[in-house]
Amino acid sequence: MDMLVTVEIAQWLPLLDEALRQQLAWALELGKVLYFPQLSFELYDDELALLSPTLLSGERKNISLEHGEVRGAGGPPETRRQLAQMMGRFSEQADQLVRGLFPRYDAQLHGARTSFRPAVIDHRNLSATKDDSRLHVDAFPSRPNRGERILRVFCNVNAADTPRRWRMGEPFEQAAQRFLPRIRRPLPGSAGLLSTLGITKGRRSEYDHIMLSLHDRMKRDAAYQADAPQQVMDFPARTTWVCFTDQVLHAAMSGQHLLEQTFHIPVAAQYHPENSPLKVLERLCGRGLIA
Ligand code: SIN
Ligand code: FE
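Take 580 as the starting number for the sequence shown in our numbering and just add one per residue.
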């Protein structure tokens, strides 16, 4: 089992022939990680100073850019302006990459948060479910997405050649088969209650309930973390990778200085919707999960 598909392009606006495009779309939507060893995000000389954890405000691990606004960073206005510029440029290039690779997504792809992680990964003192160095699929506790996909572009921008070490787990369907029998149905009325109380933004579908349960149960299962089929990958500095993080079991083990762009896309806009977590889970459960 190899979770990676290597793509030898060096431009953020790629020109691919149709056969290769189809092959990459199939692999990505099957739950592989597309790895671009020649594709790097260039920092300007005066941006190198931004590669510093001292820019994080308080206990934050992420600096984010959303709707043009920088959050999670302290520092003087000039530094925040530089951050917005660097992260905005990355966001544009990630957008070009995804739309260039997969024109079918274009009309229904929307860019969400851009994130910059300037600190060394440190998973000590984290509760199991908050610890991203344990294999997991991404799921949002407060933002139900009703099957909508989470696509992420990652770029290691470390200036000291430190790789970002990930673990990647077994295919989604296998993991789902393993954990589903232990996941109970949500309590009747709980979705409405969570929404009324403002704990979730909108109603949590059964799909969201299962995805969150998968996330939590997987992370809490020490034997699974140690023994489940998995692959370690060191993503070198100045490389890029792309995957559906709601589908690829992933864990971030070590490294520093990461840029990440999140996109959302409806299942129906995919090349092969039948391989999405929603369709896989609905098949395994034998019923609709976003009614
Ligand atoms: C994650 O998405 O779980 C973490 C990715 C990373 O920081 O490398
Ligand atoms: Fe994650």
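No residue lacks a Cβ here, since even glycine has one placed at the ideal position from N, Cα and C.
- Between the region 624-639 and the region 654-662, the count of Cβ pairs shorter than 8 angstroms is three or higher; the stretches touch.
- According to the DSSP assignment, M832 belongs to the beta strand (DSSP E) that extends over 829-833.
- W591 sits in coil when the DSSP states are folded into three classes, being neither helix nor strand.
- Membership of A816 in any alpha helix (DSSP H) is not indicated, and neither H nor E is assigned to it by DSSP.
- Fully contained in the region 675-711 are the following beta strand (DSSP E) runs of length 3 or more, in chain order: 689-696.
- Contact between the region 841-848 and the region 690-697 is present: 3 or more CB-CB pairs across the two stretches fall below 8 angstroms.
- Under the 10 Å beta carbon count, N704 is surrounded by fewer than 16 other beta carbons and is classified as exposed.
- Between G667 and I642, the alpha-carbon positions lie close to 12 angstroms from each other.
- Taking all protein chains shown into account, E749 has 16 or more neighbouring C-beta atoms within 10 Å of its C-beta and is therefore buried.
- Runs of alpha helix (DSSP H) with 4 or more residues, each lying fully within the region 751-818, are found at 751-758, 769-775, 785-799, 801-806, listed in chain order.
- Runs of the beta strand (DSSP E) spanning 3 or more residues and lying entirely within the region 591-628 occur at 612-615, in chain order.
- Cβ-Cβ distances below 6 angstroms link T824 to D717, I729, R731 in the same chain, with the five nearest sequence neighbours on each side left out; the list follows chain order.
- Around the CB of K709, fewer than 16 other CB atoms lie within 10 Å, so the residue is classed as exposed.
- For the set D596, P723, T819, the Cα lying nearest the Cα of E621 is the one of T819.
- For the ligand SIN, no non-hydrogen atom lies closer than 6 angstroms to the CB of A589.
- Those residues that have a beta carbon less than 5 angstroms away from any non-hydrogen atom of the ligand SIN are, in order along the chain, D711, A831.
- Assigned with DSSP and collapsed to three states, L644 falls in strand.
- In terms of Cβ geometry, Q810 and M747 form a close pair [threshold 7 angstroms].
- At a threshold of 6 angstroms, T824 counts as near the ligand FE, since its beta carbon sits closer than that to one of the ligand's heavy atoms.
- Judged by DSSP secondary structure, V716 falls outside any alpha helix (DSSP H); it is assigned neither H nor E.
- Listed as beta-bridge partners of C864 by DSSP are no residues whatsoever.
- Under the three-state reduction of DSSP, G667 is assigned to helix.
- In this structure, I789 lies away from L714, with their beta-carbon atoms at least 7 angstroms apart.
- With a 10 Å radius around the Cβ and a threshold of 16 neighbouring Cβ atoms, V586 comes out buried.
- Closer than 6 angstroms to some heavy atom of the ligand FE: that describes the Cβ of D717.
- Rounded to whole angstroms, the separation of the alpha carbons of H702 and L776 is 31 angstroms.
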